[in-house]
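Engineer: The structure is given below, and queries will be raised subsequently.
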Amino acid sequence: MDLESEKQILWEKSQELLKKINESRREIETITAIVGEKKREKEELDEMLQTIPQQSFRTVYLKRLQELSQRKQTQQIDLTNVSKSIEQLNLEIKDVATKVKSAEGTIESTLRAVLGNETEGSELYNQFYKLKRTDDSITSIALQLNKIDVPVICKNTDYLRRDIEKLQHENKLLADKIAQLEKAFSVC
């Protein structure tokens, strides 16, 4: 495989990775907004439970709690999928960055070994500058990859994982609360 085609493949792969990162960020923002909305809904339901006459509201409250629980479980699955996708993307980014660095090293060492004492205008000299332009393109790809803040993405993945664990805990508490309320209603 020649350097130009390898450069093109790396360029395309880096562009795909950038698109995936942006998509993942949008998904994270959407899911975070949904989680915030659901927390507000739960707070409103808790407030309503305190103010509305108990008997008629209990069934509505239980239904809403069950809906919230189901939505949170769906969101939990979505968050888990996004988290896995981000982790996979991080691995792909690291792989492409490694390939780019390897290609740069190979080009540089080959050029130094081959060029020697050639003068301007010779065929070897012209080939050198063609390879140099290719190397500069690969360096440009590497710089783009370095702009991707992998540690921040990894940290966000950790936050996402923590949020998933919180959601799982909240779902368990919500399910327990529903069971308690259903038990209390069956006694009444």
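So the mapping is simple: my numbering equals the position in the sequence shown, first residue as 1, plus 928.
The beta-carbon is built from N, C-alpha and C at its ideal position, and this holds for glycine as well.
Fair warning: this is a prediction, and the values are worked out from it, not measured in the lab.
#1: Counting Cβ pairs closer than 8 Å, one from the stretch 963-981 and one from the stretch 989-1005, do we hit at least three?
#2: Taking residue 1007 and residue 1102 to be in contact with their CB atoms under 8 Å, please state how far apart those CB atoms are, rounded to whole angstroms.
#3: Sort 963, 988 and 1068 by Cα distance to residue 1098 and report the nearest one.
#4: Helix, strand or coil for residue 942? Go by DSSP, reduced to three states.
#5: Any idea if residue 988 is buried or exposed, counting beta-carbon neighbours within 10 angstroms, 16 or more meaning buried?
#6: When you compare only the Cα positions, how much space is there between residue 1105 and residue 954?
#7: Taking the alpha-carbon of residue 1091 as reference, which of 938, 978, 1031 and 1003 has the nearest alpha-carbon?
Structural biologist: This is what the structure gives:
#1: yes
#2: Not confirmed; about 16 Å, so no contact.
#3: 963
#4: helix
#5: exposed
#6: 33 Å
#7: 1003
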